[in-house]
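Below is one structure; the comments refer to it alone.
4 protein chains.
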Amino acid sequence: MPAFNIHRLSHAALNVSNIERAREFYVDILGFVEVEKNGDELYLKGVEEGQHHSLILKKGEPTGLVYAGFRVSSPEDLDRVRSYYESRGCRVTKYKEKAVDDALLVIDMFGVPMLFYYDMEYTGDLGLRFNVYKGAPPVRIHHVNLGLKTHDLEEGLRYYTEDLGFILTEYFLGPDGSKQIAWLTGRYIHSSHEVAIAKAGDAAFHHIAYYVFEFRDMVRIADILASLGMWDSIERGPGRHGATRGFHLYLRDPDGNRIELYQGDYVILDPDKWKPIEWRYEQARYRSDFWGRPTPERWREVKQVIPPSL
Amino acid sequence: MPAFNIHRLSHAALNVSNIERAREFYVDILGFVEVEKNGDELYLKGVEEGQHHSLILKKGEPTGLVYAGFRVSSPEDLDRVRSYYESRGCRVTKYKEKAVDDALLVIDMFGVPMLFYYDMEYTGDLGLRFNVYKGAPPVRIHHVNLGLKTHDLEEGLRYYTEDLGFILTEYFLGPDGSKQIAWLTGRYIHSSHEVAIAKAGDAAFHHIAYYVFEFRDMVRIADILASLGMWDSIERGPGRHGATRGFHLYLRDPDGNRIELYQGDYVILDPDKWKPIEWRYEQARYRSDFWGRPTPERWREVKQVIPPSL
Amino acid sequence: MPAFNIHRLSHAALNVSNIERAREFYVDILGFVEVEKNGDELYLKGVEEGQHHSLILKKGEPTGLVYAGFRVSSPEDLDRVRSYYESRGCRVTKYKEKAVDDALLVIDMFGVPMLFYYDMEYTGDLGLRFNVYKGAPPVRIHHVNLGLKTHDLEEGLRYYTEDLGFILTEYFLGPDGSKQIAWLTGRYIHSSHEVAIAKAGDAAFHHIAYYVFEFRDMVRIADILASLGMWDSIERGPGRHGATRGFHLYLRDPDGNRIELYQGDYVILDPDKWKPIEWRYEQARYRSDFWGRPTPERWREVKQVIPPSL
Amino acid sequence: MPAFNIHRLSHAALNVSNIERAREFYVDILGFVEVEKNGDELYLKGVEEGQHHSLILKKGEPTGLVYAGFRVSSPEDLDRVRSYYESRGCRVTKYKEKAVDDALLVIDMFGVPMLFYYDMEYTGDLGLRFNVYKGAPPVRIHHVNLGLKTHDLEEGLRYYTEDLGFILTEYFLGPDGSKQIAWLTGRYIHSSHEVAIAKAGDAAFHHIAYYVFEFRDMVRIADILASLGMWDSIERGPGRHGATRGFHLYLRDPDGNRIELYQGDYVILDPDKWKPIEWRYEQARYRSDFWGRPTPERWREVKQVIPPSL
């Protein structure tokens, strides 16, 4: 039994140094739906998302991940969130986020800032309004990829599977045979993963990913960015992952925050029957890029996490 | 609280008059994975499905739907299945299906034959073996579309939502303002729908649908069928639905059983926030074909249900 | 030896009743490049076209085709155009078209208004500027489909092949075994066809077609038009032709002028080896729609030709 | 006036060390149409090609390009081929190729073996037989990329444009401002290029390219090759070129011969108006890979040319 019930990964907040420049990237180029601008914060989402927002861009530096936001399954789960993290020695703070009631902000035992809430205002999705689609467009938030401050990823895995209730779907082994990265899916959304976690010296942010309708949409974004001379924004891909089978295009926003456009992974139909896919170190050539292409050095860099001051 | 917990729609059994001819259609042309042939039964599945099968073709006439198969969430749910249906005056029978333990066959209050089970042998999916993909290929079972014997679809809706735990996602109204067809998604798979139900004079089978990776895969199947002179197998599409937003290609197998290739519907991210989409009769032009094209008369025909003799 | 050398079909002029409304359709929705507006005329082209324009929308009624424009191979060919048509009893008139030098307007022996010219101003194509692509987008003019005033299409074929130098690629036979429609490709562009001609009671305009990059682009346009409630603009398709193998989406502009988005036809690699493809009347089910779907009645309608007063 | 008239690039002959292994790569995996096997030679073509073959695989070593084959415009052009090359001091030899009459083999002034012929047996294309398509499939030969033995590419360009009649469409400048690589299109096929030529120390073979229907077909081939563990066959791509705008996937056959799957380039509509596109050395980041990704070192390697002994 998990310590509390997470419904799903619902959003992320990122620091950017210049809101207007970020808006051009996320809204004008990638096609995020702009929900509203509120002072130094911009609220965005994908075309299929009904909740108020799934991405908050906050003016602030250093840039990186402010927190990952998770919806819990009931208001009562928020109490359990508080008890659980306090019992682990983590400080739990009330946090006010636009359109959200009663959120709790935690920096977990692995240094990752996480926001838990039950209720966010529902403003509706774009539905069948294809005439207002732009860019890719992003469809919905898919996953977040985080570095956990730990020397032993098994600790992080126990936390995610036993305490948070996630299901391990795939993992990479390092040269020493220990787990390096793991993919986990939640108990409501059963795609290949909602969260990927890696062993890291410090808590770190690798990327957030948004689902797109088709691989062709990634090609369109790469074409548009290249037309604009923004080659540094195209970090890796378009390509196919071995792990998770998904198509990928990794982008960097003007502040270096990494966002992945993603598509084509599987559904975990019967979680009790799923045997996590193990990728050995000898399979490094194709486990990240299924077609065997080298991974750019820059793609290995991470951004920091910058939780709000509590 | 539902009367018992359905995990998901997992398979269907269809009668066909000639197994070998059906095999050519489903395996050689559409690209279903052939699991095994067992006398007069052929076991098939999509490339992403790990369970033993998701489609059984049984030699038998008349042709049509033998039953729709649902996995329940626990062995105990099978006892609750029995109590529930017996309390409704339906006969519940043990049924032996290959690779499945302890299945119960029911003909429900609306005349639909349904099989419930908890455990099916798991034989693994095709994973990343793109080299053996054929045809579309079908990826996984997506939904079943059934006619319920009732004069009032609200009765069927109460059964599906209150007793079986499904969530109403969309519905069509008739000229008299009453519901004609409804789409419902389950509590584990949260796509646009796992089941669609229509008001009918008698229990009836409209179609089963399989997910495909891309719209382009439907075009490939239409091209292949046309190359083979099998125009009568291409009943409707490729096209876009208004309801559910999904792309469709409706096919008829050599016995007239209807199978839909389907792609591109949405995910219900927050079921408690979802407001079912109502399509009024005045919207008939585009609610079934979003592009406003007429629906072929033949597509309105249904096949019968032919439950096994109990 | 042809009577004169046609380089290629280069443009068409259409009458529309309302320039601004037409602009919304062609530019905002379909994604034509707007070159310039000149009083009651709007000059458009596809993203790959370097010449000044390939489509002129002229305010005028009745709506329909004003003329089809052909570039000839040399200035001297214009003299040969004059001699040829005058020898056939057709009046030949100098015509002033923006950005074009020395154009000759002819109403040919079959009642079709044709403009011949050698030199049009070259303003450059969009090249790799994917960031300004909109709509489909249209890539380049592909073909024009015309009705010839004749009781015997063989006469029209002799004119097109012997005098104008086109190559017959495919044709439809009627129930009486005579040719009904023929597809012809020019001596420079060797796609499946630059011109299609049909036997008609009077000269008539069926459609002009623009190449698009992919079938998926037709789907996008159908989605956008449907989102805007413009179902009457989606006349037929998206689909696959038997004849020419091309994918099609037939649209109607706000005045009922028919424009086809088209993609995927073949290249005539060795014209001397090409054996025209004959489609018998018994093949009517799939020669126009390869997937065997019925052709909407409305698609059989034609618009008139409205040549400028000479 | 060119020295003789080339109709088009029609085929290539490659040496392979093992015919059966090559057949598996080209036919079973990529989907080339197998026309016939004749002892130690295998004749292949794309699905849209009517001529007997467009690719000959010959058992022989070293592996590489045996010759590039060009169809001339008339039988008389063969006499002009002979006079031209003999006047340049090149030996011209009659060559017997299956299904071809009266071919002349030349090793040109730049060391490249070229075969000229007028008449090849015509066996028909696959037309609308989508049911027999496999792999990508390759549609038709698109271009050949050759190294010319010269210290000054301008010499090669004069040869190709003035003597052979090709049209320069694009070129790369080196750091010294001289041309390094040039793309040229023929006078019949007016795509972005039929031939690309590079300055080289010795005549060399970089790749032959086949057109495919869609970018998605390149993804399918990459997926299939990766599924088979053939990562070394996937050399570069799928991606988008800056030069020519084409999508690319560079493959290596089991002997290291390079074949490109290619799609999406432009048509030269008005060759007299075309201004060749110049790519400066400073544009190296994106002129070969439009998305700015690095080019693998291995892709710079060339194979040798191995003309038949004359």
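Residue numbers (my numbering), protein chains in the order written: chain L, 88 to 397; chain A, 88 to 397; chain C, 88 to 397; chain G, 88 to 397.
Glycine included, C-beta positions come from ideal geometry on N, C-alpha and C.
Since the model is a prediction, treat every value here as computed from it, not as a measurement.
Might you give, ordered along the chain, the residues of its own chain that have their beta carbon closer than 6 Å to the beta carbon of residue i, omitting 5 neighbours on each side?
i        : result
Leu213/L : Val134
Leu192/C : Thr180, Tyr182, Leu202
Pro358/A : Ile254
Going by alpha carbons, who is nearest to residue i out of the options?
i        : options                                : result
Gly49/A  : Val231/A, Arg367/A, Glu173/A           : For residue 49/A there is no data in the structure shown, the boundaries of chain A being 88 and 397.
Pro325/L : His335/L, Asp310/L, Val159/L           : His335/L
Tyr171/A : Gly147/A, Ile93/A, Asp127/A, Val392/A  : Ile93/A
Ala330/L : Pro341/L, Ile321/L, Ser375/L, Phe302/L : Ser375/L
Trp270/L : Asp342/L, Arg307/L, Ile355/L, Ala309/L : Ile355/L
Ala190/L : Gly176/L, Asn218/L, Thr210/L, Phe157/L : Phe157/L
Leu260/L : Gly379/L, Glu184/L, Pro363/L           : Pro363/L
Ser160/C : Lys286/C, Arg303/C, Leu251/C, Ile308/C : Leu251/C
Asp62/A  : Tyr373/C, Ala283/C, Pro262/C           : The first residue shown for chain A is 88 and the last is 397, placing residue 62/A beyond what the model contains.
Ser174/L : Lys185/L, Met196/L, Ala371/L, Pro162/L : Met196/L
Can you look up residue i in the DSSP assignment and give me helix, strand or coil?
i        : result
Gly198/L : coil
Ser375/G : coil
Gly151/L : strand
Asp250/A : helix
Glu347/A : strand
Glu128/G : strand
His318/G : For the sequence presented, residue 318/G should be read as Trp rather than His. DSSP places Trp318/G in helix when its eight states are reduced to three.
Asn232/A : strand
Asp115/G : helix
Val354/L : strand
Pro162/C : helix
Ile295/A : strand
Gly243/A : helix
Asp304/G : helix
Phe217/L : helix
Ile311/A : helix
Trp386/L : helix
Glu208/C : coil
Tyr172/C : helix
Return no unless some Cβ of chain L is closer than 8 Å to the Cβ of residue i.
i        : result
Asp311/C : Rather than Asp, the amino acid found at residue 311/C in this sequence is Ile. Yes - at least one Cβ of chain L is within 8 Å of the one on Ile311/C.
Ile321/G : yes
By Cβ distance below 7 Å, which residues in the same chain neighbour residue i in space, the five residues on each side in sequence not counted?
i        : result
Tyr353/G : Ser279, Arg332
His294/A : Asn232, Tyr337, Arg345, Ile346, Glu347
Val153/A : Ala100, Leu101, Asn102, Lys145, Pro200, Ile393, Pro394, Pro395
Gly118/C : Tyr220, Lys221, Gly222, Ala223, Pro224, Pro225
With burial defined as no fewer than 16 other Cβ atoms inside 10 Å of the residue's Cβ, what is the status of residue i: buried or exposed?
i        : result
Val299/G : buried
Met305/A : buried
Glu388/C : exposed
Arg178/C : exposed
Arg385/A : exposed
Val187/L : buried
Within the 8 Å Cβ cut-off, does residue i reach chain C?
i        : result
Arg216/L : yes
Arg110/L : no
Tyr298/A : no
Leu315/L : yes
Glu347/G : no
Verify the CB distance criterion: does residue i have a CB-CB separation below 8 Å to chain A?
i        : result
Val354/L : yes
Trp366/C : no
Closest Cβ-Cβ distance between residue i and chain G: below 8 Å?
i        : result
Phe302/L : yes
Tyr209/C : yes
For residue i, which residues in the same chain have their Cβ closer than 8 Å to its Cβ, ignoring the five residues on either side in sequence?
i        : result
Trp378/A : Gly326, Arg327
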